[in-house]
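Asker: Using this note's numbering, read the sequence shown as starting at 4 and increasing by one per residue.
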Amino acid sequence: MANTGYWTAMGTTMRIGFDVSPLTHPHPPGVRRVTEEMVGALERRGNLDVIRLAPEPTADLLRWRQWELPRLAARLELAGIHSPVSAFALAGPGLRLQTVHELPWKHGVAENAGLRHRFWAGLAGRRAAAVCVPTELVARDLGRPRASDGGRVHVCPWAAASVFTDKPQDGTYDEPILERYRLPDTPFLLAPGAVRAKKNLAAILAGLAELTARGGGRVQLVITGPDTADLRRDLGRASQLGIGGLISTLGPLPDVDLAALMRLADAVLVLSTSEGFGLPALEAAACGTAVIVGVGSAPAEVLGPAAIAVDADRAASLADAIELALGSRGSLGAGLIERAAHFSWDRAAATVEDIWMNLS
Numbered sequence: 004m005a006n007t008g009y010w011t012a013m014g015t016t017m018r019i020g021f022d023v024s025p026l027t028h029p030h031p032p033g034v035r036r037v038t039e040e041m042v043g044a045l046e047r048r049g050n051l052d053v054i055r056l057a058p059e060p061t062a063d064l065l066r067w068r069q070w071e072l073p074r075l076a077a078r079l080e081l082a083g084i085h086s087p088v089s090a091f092a093l094a095g096p097g098l099r100l101q102t103v104h105e106l107p108w109k110h111g112v113a114e115n116a117g118l119r120h121r122f123w124a125g126l127a128g129r130r131a132a133a134v135c136v137p138t139e140l141v142a143r144d145l146g147r148p149r150a151s152d153g154g155r156v157h158v159c160p161w162a163a164a165s166v167f168t169d170k171p172q173d174g175t176y177d178e179p180i181l182e183r184y185r186l187p188d189t190p191f192l193l194a195p196g197a198v199r200a201k202k203n204l205a206a207i208l209a210g211l212a213e214l215t216a217r218g219g220g221r222v223q224l225v226i227t228g229p230d231t232a233d234l235r236r237d238l239g240r241a242s243q244l245g246i247g248g249l250i251s252t253l254g255p256l257p258d259v260d261l262a263a264l265m266r267l268a269d270a271v272l273v274l275s276t277s278e279g280f281g282l283p284a285l286e287a288a289a290c291g292t293a294v295i296v297g298v299g300s301a302p303a304e305v306l307g308p309a310a311i312a313v314d315a316d317r318a319a320s321l322a323d324a325i326e327l328a329l330g331s332r333g334s335l336g337a338g339l340i341e342r343a344a345h346f347s348w349d350r351a352a353a354t355v356e357d358i359w360m361n362l363s
């Protein structure tokens, strides 16, 4: 393994490779976002010589990562390779920085909880020179010593992309998006990406059904994300609950449209049963919109007292939170925007730079 002290001694910029395979191969939206924003921030800052390492779109990721990356590390004389996921090149010269986004099996979630992920986050991860996690919750789940205690685990929070702000871009307006997506001009809740079982749409539907039973007025639920078997199952559940007419599914949206919907929404719900950070919660906060999260979750950690925290297993608790959000529209915005401002990709990149500079 290379000693990165060489770079300091020679007075040259440390050269690292950045695995950008999440941008060329299918990965969850959050992983793609983190990869794109982190590598971009590191490049803008210029304190590390960052080389993007990208496989061909048709390449087998396992083979590329374990056979091609070590050769690239040697040929490019890299001090190491930064992986934005838990898998990384085990062989070859240089150091390895691993990213662990979440450990879903710690929360009883089956998605992405197979043996391969457990291997990388567990046994294989101990071979990494440093491990980045986005929240204290993930650090606790990992259960390994922190860097501050002589260990290798560093908490490096993510951030919202610049498009997520409390005002639309100059010369544009948010309201036309309602007509574009055929949404009714009524109060609405937004559940971004709630198309996979772990996003806990079932709990959201139960809360909306409880709110409707109370006679709280018509409130629409807007869901973004691709069509999935989990989504279709939950839509069937909505029909059984008698609220099928209150649900709108929009499919995947470009960021500019998602940001507009977040600003227009009365509340954004992020109630995942397992989440390592919860980017949509922070994005909504940056837009100044009330955010409802689960008690003790990573999004609750990220937003702190600015969020409305609920017991997601209790429909009455969620209905109460929705009523609170509907009754306080606008009054929560300043605190949410202030909270979101604590997070930036520039700050995250600075943390990563410090990690690399201190590795030896």
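All C-beta atoms in this analysis are idealised placements derived from N, C-alpha and C, irrespective of residue type, glycine included.
Helix, strand or coil for Gly153 per DSSP?
Answerer: Three-state result, Gly153: coil.
Asker: Only counting the same chain, and skipping five residues up and downstream in sequence, which positions put a Cβ closer than 8 Å to that of Gly154?
Answerer: If we look at Gly154 and ignore the five residues flanking it on each side, its Cβ neighbours are Arg147, Pro148.
Asker: In whole angstroms, what is the alpha-carbon distance linking Val112 and Asp173?
Answerer: 42 Å
Asker: Taking only runs of the beta strand (DSSP E) that begin and end inside the segment 235 to 273, which ones reach a length of at least 3 residues, in chain order?
Answerer: 250 to 252, 270 to 273
Asker: When the Cα atoms are used, what is the spatial distance from Gly279 to Trp161?
Answerer: 10 Å
Asker: Identify whether Gly297 lies in helix, strand or coil by the three-state DSSP scheme.
Answerer: strand
Asker: Identify every residue that forms a DSSP beta bridge with Gly20.
Answerer: Ile54, Ile84
Asker: Whose C-alpha, out of Ile207, Val134, Pro308, is nearest the C-alpha of Ala319?
Answerer: Ile207
Asker: With which residues is Arg99 paired in a DSSP beta bridge?
Answerer: Ile84
Asker: Whose CA, out of Arg317, Arg143, Gly291, lies closest to the CA of Ala344?
Answerer: Residue Gly291 holds the alpha-carbon nearest to the alpha-carbon of Ala344 among Arg317, Arg143, Gly291.
Asker: Going by C-alpha distance, which of Arg129, Ile246, Pro229, Arg143 is nearest Lys109?
Answerer: By alpha-carbon distance to Lys109, the top candidate from Arg129, Ile246, Pro229, Arg143 is Arg143.
Asker: Applying the 10 Å Cβ sphere with the 16-neighbour rule, what's the burial state of Asp269?
Answerer: Buried, since its Cβ has 16 or more Cβ neighbours within 10 Å.
Asker: Suppose you measure from the CA of Ala301 to the CA of Ala82; what does that come to, to the nearest Å?
Answerer: 32 Å
Asker: Just how far apart, CA to CA, sit Ser251 and Thr102?
Answerer: 35 Å
Asker: Are Glu71 and Ala200 close, meaning C-beta to C-beta below 8 Å?
Answerer: no
Asker: Roughly how many whole angstroms lie between the Cα atoms of Pro25 and Leu253?
Answerer: In this structure, the CA atom of Pro25 is about 24 Å from the CA atom of Leu253.
Asker: Classify Gln223 as buried or exposed, calling it buried when 16 or more other Cβ atoms lie within 10 Å of its own Cβ.
Answerer: buried
Asker: Short of 8 Å in beta carbon distance, which residues of its chain neighbour Ala205, apart from the five on each side in sequence? Order them along the chain.
Answerer: Asp237, Arg240
Asker: Does DSSP put Ala133 in a helix, a strand or coil?
Answerer: strand
Asker: State the Cα-Cα distance for the pair Gly14 and Gly49, rounded to the nearest angstrom.
Answerer: Low confidence applies to Gly14: its pLDDT is 49, below 50, so where it sits in the model is not reliable, and the reading given next is rough at best. Taking the straight line joining both Cα atoms gives about 15 Å.
Asker: To the nearest angstrom, how far is the alpha carbon of Ala395 from that of Ser86?
Answerer: A question about residue 395 goes unanswered here, because the residues of the chain that appear run from 4 up to 363.
Asker: Report the three-state DSSP secondary structure of Gln69 (helix, strand or coil).
Answerer: Three-state DSSP puts Gln69 in a helix.
Asker: Taking the C-alpha atoms as reference points, what is the distance between Met17 and Ala133?
Answerer: Going from the Cα of Met17 to the Cα of Ala133 covers about 16 Å.
Asker: Determine the direct distance from the alpha carbon of Ser331 to that of Pro32, and round the result to whole angstroms.
Answerer: Taking the straight line joining both Cα atoms gives about 31 Å.
Asker: Taking 7 Å as the limit between beta carbons, can you name the residues of its chain near His120, skipping five residues before and five after?
Answerer: Ser89
Asker: In whole angstroms, give me the CA-to-CA distance for Gln243 and Phe191.
Answerer: 21 Å
Asker: In the DSSP assignment, the alpha helix (DSSP H) including Leu329 goes from what residue to what residue?
Answerer: 318 to 330
Asker: Is the distance from the Cβ of Arg47 to the Cβ of Phe21 below 8 Å?
Answerer: Cβ atoms of Arg47 and Phe21: not closer than 8 Å.
Asker: Identify the continuous alpha helix (DSSP H) that holds Val141 and give its terminal residues.
Answerer: 139 to 145
Asker: Going by the beta-carbon positions, is the gap between Leu306 and Val296 smaller than 8 Å?
Answerer: Contact: yes.
Asker: Kindly indicate which three-state DSSP category Phe191 falls into: helix, strand or coil?
Answerer: strand
Asker: Any idea if Lys170 is buried or exposed, counting beta-carbon neighbours within 10 angstroms, 16 or more meaning buried?
Answerer: exposed
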